[in-house]
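Mapping the sequence shown onto this note's numbering, position 2 (from 1) lands on -10, and the numbers just tick up by one.
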Amino acid sequence: EDKEYVTGFALPMNTKGLIFICREPYATPNTLEDHPLSTLYDEMDCQVIFDRVLVPWDRVFLYGSQGPKINFEVFDEVLGAACWQATIKNIAKLRFIIGLVTELTAAFGTDAYPNVQERAGWLIEWHNILNAAVEGAELLALNHNGYLIPNLWYTWPLVMVFGSHIYPYAVETLRILSGSGVIMHPSVKTFDNDKLRKILEQHFRARTKNAEERIQLFKLIADMTINQLGGRMLQYERYFAADPFRVAVVHFRFTDKTRFRELVKHQLDLIKEMKGEK
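Structure below.
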């Protein structure tokens, strides 16, 4: 009922009148050692303002009920490629977090605790499921005009679930297992002071890591969890595939639930039939 608001077009970044309002960057000069991930991987977020921007009609894909119709077959194939790429991105993030979890717990010997193994085990299970989805999407890829497009229905459901369930659980696992250590770690530059270096080497070492290695590990964990970059990534992933609440509601409303209820009906009919035989 809101067709008049449907708009789709593409413009060059340097189009006259386009204004990009950027947030404050998380990376600052000379912070590589203390904020390694923020320095290397902070990607800017911008609010785009259209100040009297002229959009030529040949750049318009959709405009209300006018313009070309959406080819939903092609749309599904484009979405299939996008979800495939997003799932690979999710695998990379999850793999890195599993690396941090196992490195952390091995350094302190907590990897022998069943509760630690259980949380890490769930991350490994999710990692394997995501891998299986990518392989399934590739093995059952769709042929579109000679191009193989990853099968949408193997990766799309996991893209929906990753931001709302899997990634928050992974970050929470890191926060729980790192304890207060993720907060209390001095600047790496503290090691430049010979007197303080000796104190750090005595009080900040771990079972299998010296003080400098331990602090460097916690710098990575802090950037993934409690620092600005980690908070931004958590929020980004939560809404990457739209509002998870609305997505779940849409799935419930538009999924044909007959096949599920037929299983229940079949079982009830079977019970009635068996009772009749008695």
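All C-beta atoms in this analysis are idealised placements derived from N, C-alpha and C, irrespective of residue type, glycine included. Small disclaimer: the values here were computed from a predicted structure and weren't measured.
For residue i, report the span of its alpha helix (DSSP H) as first-last.
i	result
N103	102 to 127
I9	Premise fails: I9 lies in the beta strand (DSSP E), 6 to 10, not in any alpha helix (DSSP H).
W144	140 to 149
S166	155 to 166
A199	199 to 213
T27	24 to 29
P232	232 to 242
L184	182 to 191
L42	Per DSSP, L42 belongs to no alpha helix (DSSP H) and is neither H nor E.
E225	216 to 226
If I follow the unbroken beta strand (DSSP E) through residue i, where does it start and stop?
i	result
Y270	It is not possible to answer for residue 270, since the shown part of the chain is limited to -11 through 266.
T(-5)	-5 to -3
F49	48 to 51
V36	34 to 38
H132	130 to 132
Just how far apart, CA to CA, sit residue i and residue j?
i	j	result
A70	D180	47 angstroms
V36	T93	43 angstroms
L184	F192	11 angstroms
H115	V43	43 angstroms
N131	E123	16 angstroms
K263	D257	10 angstroms
R249	E113	29 angstroms
T178	V170	17 angstroms
V48	N133	24 angstroms
T98	K81	23 angstroms
E91	L111	14 angstroms
I209	D244	43 angstroms
M32	R220	11 angstroms
N18	E(-8)	50 angstroms
K253	K260	11 angstroms
L28	T16	11 angstroms
R241	V235	10 angstroms
Q190	Y157	34 angstroms
R83	L251	38 angstroms
F228	A194	37 angstroms
T3	S168	49 angstroms
In its own chain, which residues sit with a C-beta less than 7 angstroms from the C-beta of residue i, not counting the 5 before and 5 after it?
i	result
L(-5)	In the sequence as displayed, the identity of residue -5 is Thr instead of Leu. These residues qualify, in order along the chain: L50, Y51.
A121	T75, Y142, T143, L146
L140	D64, L67, G68, C71
P24	K207, L208, D211
S39	Residue 39 is actually Asp in this sequence, not Ser. So the list reads G5, I7, once near-sequence residues are dropped.
Go through its chain and collect everything with a Cβ distance to residue i's Cβ below 8 angstroms, but skip five positions before and after it.
i	result
C34	F8, I9, C10, R11
Q216	Y14, S26
L188	P174, T178, F179, A199, E200, I203
Below 8 angstroms between beta carbons: does that hold for residue i and residue j?
i	j	result
E106	Y155	no
W45	T143	no
V147	T196	no
N103	F150	no
I137	G68	yes
G87	V41	no
A125	R202	no
D22	S152	no
L162	V238	no
What does the Cβ neighbour count give for residue i, buried or exposed, with the cut at 16 atoms within 10 Å?
i	result
L128	exposed
D211	buried
F206	buried
S166	buried
I85	buried
A(-2)	exposed
A100	exposed
G109	exposed
Enumerate in chain order the residues of its own chain whose CB-to-CB distance from residue i is below 6 angstroms, with the five nearest sequence positions on each side excluded.
i	result
V159	T213, L222
P232	S152
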